[in-house]
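Protein chains in written order, with the numbering used here: chain A, 8 to 210; chain B, 8 to 210; chain C, 8 to 210; chain D, 8 to 210. In what follows, a single structure is set out as structure tokens and then discussed.
Protein chains: 4
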Amino acid sequence: MVRSVDSPLQTAKAWSRSRRRKQPPDGDARTRILDAAEELFAGGGYEATPTARIAELAGVPKGLVFHYFPRKIDVLISLVDERTVVIEEEVEAVPGDAAGALSRLARRLPLHASPAMRRILFREADTHLSVRERLGRLNTEIIRRARFALELALPGGRGDAARLEAAAATFAAVLLYQESICLLTGHHIDPDAVAELIANALH
Amino acid sequence: MVRSVDSPLQTAKAWSRSRRRKQPPDGDARTRILDAAEELFAGGGYEATPTARIAELAGVPKGLVFHYFPRKIDVLISLVDERTVVIEEEVEAVPGDAAGALSRLARRLPLHASPAMRRILFREADTHLSVRERLGRLNTEIIRRARFALELALPGGRGDAARLEAAAATFAAVLLYQESICLLTGHHIDPDAVAELIANALH
Amino acid sequence: MVRSVDSPLQTAKAWSRSRRRKQPPDGDARTRILDAAEELFAGGGYEATPTARIAELAGVPKGLVFHYFPRKIDVLISLVDERTVVIEEEVEAVPGDAAGALSRLARRLPLHASPAMRRILFREADTHLSVRERLGRLNTEIIRRARFALELALPGGRGDAARLEAAAATFAAVLLYQESICLLTGHHIDPDAVAELIANALH
Amino acid sequence: MVRSVDSPLQTAKAWSRSRRRKQPPDGDARTRILDAAEELFAGGGYEATPTARIAELAGVPKGLVFHYFPRKIDVLISLVDERTVVIEEEVEAVPGDAAGALSRLARRLPLHASPAMRRILFREADTHLSVRERLGRLNTEIIRRARFALELALPGGRGDAARLEAAAATFAAVLLYQESICLLTGHHIDPDAVAELIANALH
DNA sequence: TATGAATGAGCTTTCATTCAT
DNA sequence: AATGAATGAAAGCTCATTCAT
């Protein structure tokens, strides 16, 4: 296994550290508003978060929120637009090592987003189309990559298409809801173990 | 695999049909309020549902909602208390057929709840402790059963404990979030295929 | 000073003891409702006391309150009607001892009412005519008796009418608001001392 | 006795006239809200006054009341905080004329407050701590001044401490509840007559 | 760009009162 | 007489949004 300094999934701390380096310490008003909204939406949910509290946490006057984001929903939309990126690119895969490929996928989700943004993505997907769409793209991309990794790793006709699809979808489900499950039920899942399990299943 | 008369998961229609038989067509006011809340909470979420709309849909005056449920949150709590039951009982398992046992588990979740209540359970778990606790119990129970089924099916020292745990947790994750994933991303997962996959993985 | 078993003003405890003797231990529903209302009105005020809490404290169903008292205000009116009696009778006075006569008046207010009812009488007088009227009668009666006592005690033309009137009114004010002042400001006033003071003033 | 330009107690009209001079005719919204609340609380009592009526009388939208005063009770608290001042300062006293000193005290209560605010202070003291505390301070201050005036006026060991205390407390009681008694029972008390009475009593 | 007062619709909740049983 | 479900007007309060400065 490739030595990895990072823990399998970037922690909240690591994330904010990496962003701090690129941004001015305080950020401009707009950034601070989005920062505040990110924290509050992740914590209590979009509906339960008044714009006034966003402004308060951001340290800006209430009116300024509506200067940058005409409607409250625009804060959420901008957050998802600007702070979650589904990376839909071709990946090079090493043939032969399915488990390793899946593990690598787990460690580097094709999603550029903070843990808070991941919560928001999952939690608000029900009610807001643009969020749902982004989540759908992420799911599709994970499945695509998992399928690709498994196809490459497993020579030829061995695994039939249906099984491969189920394996990829299962892995995607685990990756997507791993954090939620942990947060909600306290039950940790080790993606590496699942990767190995699934690779095994297709032999 | 045994052909099943039931569809893998009971549909919303089947559920309400089965309950209708046992209850008077209209039900008393309290029941109608809970019915309405179930529908609306599942549809738009707890926060976005005004009590007035619950009353309206239930065909009762606004005040009556608060006669039965002093606070709005009590409607949700009662709903979860009374309409979701996690079945925590011993199950007999047939040795040898891991995939079949998992499939059966998928077909009969140890949860007595309508599809709407399942949505509510998953969606509102973030914000309300009692809901989260119920979801946690469900997750634990599914894992327990899945582990039991796999242990029994797989003779002796073959699968080590960690792999077995990962397999059980993976299956639970898929079962729990299958409906959500489908609803949110449009991606169907066939629990039977996952069952077979996982059983395979442990050989 | 005449030996007195009673403390200058009957305390709350003494009052309820004396009433208990005359009434069945629990009382009928109507009585229990009035008991509860007396306690609650004295504690939090009429406006701030919901009828539901009266019923609850009385241990009767909510509907029964309205069976006996068609409107909420009727509870207050009945309370004042039945549980405060201004004793408007002739009193024999001993000539010569003005201070003693006033002290006796202080010790036996021409008012038959529990401490709680006295609070209610003073507190709700602003807003409810029937209460105000009762309080007015009490004030008038105290002044009448004080004037009578002072007239008798003080021979002839010595004190002019105006001074006598002021003395009587002052004594009435002290008696009426003594409890309130104590409750609100924590400042105790000794009616006996005031009696002596006023008697002195007219010599 | 010095003829006084002021009437013994400032009337409501005189009060508002004197304030009008210093303030713009309409005042800002917050002021108008407090003005309206002052009038309504004095008239019908705090509990019986809906915030909507305050807004209506103030000519501002309902929401603005809560912009300035997050809770209804904050209107009352602000009113008492800002519009009643207990003047706790040293007073110069002229030796020898006890009655005059008390009369002067009656004419200039150590309280800066409109007649309406005085009603509120006395009426709402029961239920709200901050109001009660203010009333307590006023009572203490009146007693302190009355005692001071009497001590100075009466040479040496003549009046013992207890009698002096009773006299001061009596005078305070009369001053405090004079208006209430008049309003409730229709019985006027002339503070000047009481002042003379009490001064007399200590000779 | 920045500010916070202003606005009013709509929310949860309270409550006196009615009424069928 | 006794009961508690039913009713709806009105209360306190929230909040997204507007707007003058």
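A virtual CB, placed ideally from N, CA and C, is assigned to each residue, including glycine.
Proximity of chain A to V82/B at the Cβ level (cut-off 7 Å) is not reached, the minimal Cβ distance being about 16 Å. Contiguous alpha helix (DSSP H) elements confined to the region 89 to 136 of chain C occur at 105 to 114, 122 to 130, taking only those with 4 or more residues. Straight-line spacing of the CA atoms in P102/B and S85/A works out to 53 Å. Rounded to whole angstroms, the separation of the alpha carbons of I94/B and R144/B is 9 Å. Contact annotation: the region 189 to 198 of chain D does not touch the region 193 to 200 of chain C, with fewer than three C-beta pairs closer than 8 Å. DSSP places D199/C inside the alpha helix (DSSP H), whose first and last residues are 198 to 208. Closer than 8 Å to the CB of I127/D there is not a single CB belonging to chain C. Using a CB distance cut-off of 8 Å, Y184/D counts as an interface residue toward chain C. At a beta-carbon threshold of 7 Å, the residues of chain B lying near G52/A are E54, D133, T134, ordered along the chain. The alpha-carbon of C189/D is positioned some 27 Å away from that of R60/D. Using a CB distance below 8 Å, no part of the region 63 to 81 of chain C faces chain D.
A distance below 7 Å between beta-carbons, with the five flanking residues on each side excluded, links L182/B to the following residues of its chain, in chain order: A113, L116, I149, P198. Interface criterion met: the Cβ of G143/C is under 8 Å from a Cβ in chain D.
A173/C and L41/C have their C-alpha atoms spaced approximately 38 Å apart. Annotation note: the region 32 to 93 of chain A contains the following uninterrupted alpha helix (DSSP H) runs of length 4 or greater, listed N- to C-terminal: 36 to 51, 58 to 65, 69 to 75, 79 to 90. D133/B is classed as buried because its beta carbon has at least 16 other beta carbons within 10 Å across all chains shown. Cβ-Cβ distances below 6 Å link K69/D to A59, A62 in the same chain, with the five nearest sequence neighbours on each side left out; the list follows chain order.
Residue-level contact check: R139/D touches chain C, since one or more beta carbons of chain C fall below 8 Å from its beta carbon. A straight-line Cα-Cα distance of about 15 Å links G34/A and V72/A. Apart from sequence neighbours up to five positions away, the residues of its chain that approach R170/D with a beta-carbon distance below 7 Å are L209, ordered along the chain.
In this structure E99/A is exposed. Its beta-carbon is surrounded by fewer than 16 other beta-carbon atoms within 10 angstroms. Taken atom to atom, the span from the alpha-carbon of M124/C to that of T91/C is near 7 Å.
Excluding the 5 residues flanking it on each side, S137/B has same chain C-beta neighbours closer than 7 Å at I84, V87, in chain order. Listed along chain C, the residues sitting closer than 7 Å to D197/D by beta-carbon distance are A173. Annotation: the continuous alpha helix (DSSP H) that includes L190/C extends over 168 to 192. Taking the beta carbon of A169/C as reference, the chain D residues within 9 Å of it are D197, A200, listed in sequence order. For R130/A, the nearest CB of chain B lies under 8 Å from its own CB, placing it at the interface with that chain. Closest by C-alpha distance to L191/D, out of I80/C, A168/C, R141/C, E158/C, is R141/C. Between R139/C and L128/C, the alpha-carbon positions lie close to 7 Å from each other. Under the Cβ distance rule, L47/B does not count among the residues neighbouring chain A, no pair being separated by less than 8 Å. Ranked by Cα distance from N146/B, the first of A180/B, A120/B, H119/B, R126/B is A180/B. For A160/B against A120/B, the beta-carbon gap comes to about 27 Å, at or over 8 Å, which does not count as contact. In this structure, the straight-line span from the alpha carbon of E89/A to that of H135/B is close to 29 Å. Straight across, the Cα-Cα distance linking D167/C with R154/C is about 12 Å. Excluding residues up to 5 positions away in sequence, L83, E131 lie with their Cβ nearer than 7 Å to the Cβ of Y53/B in the same chain.
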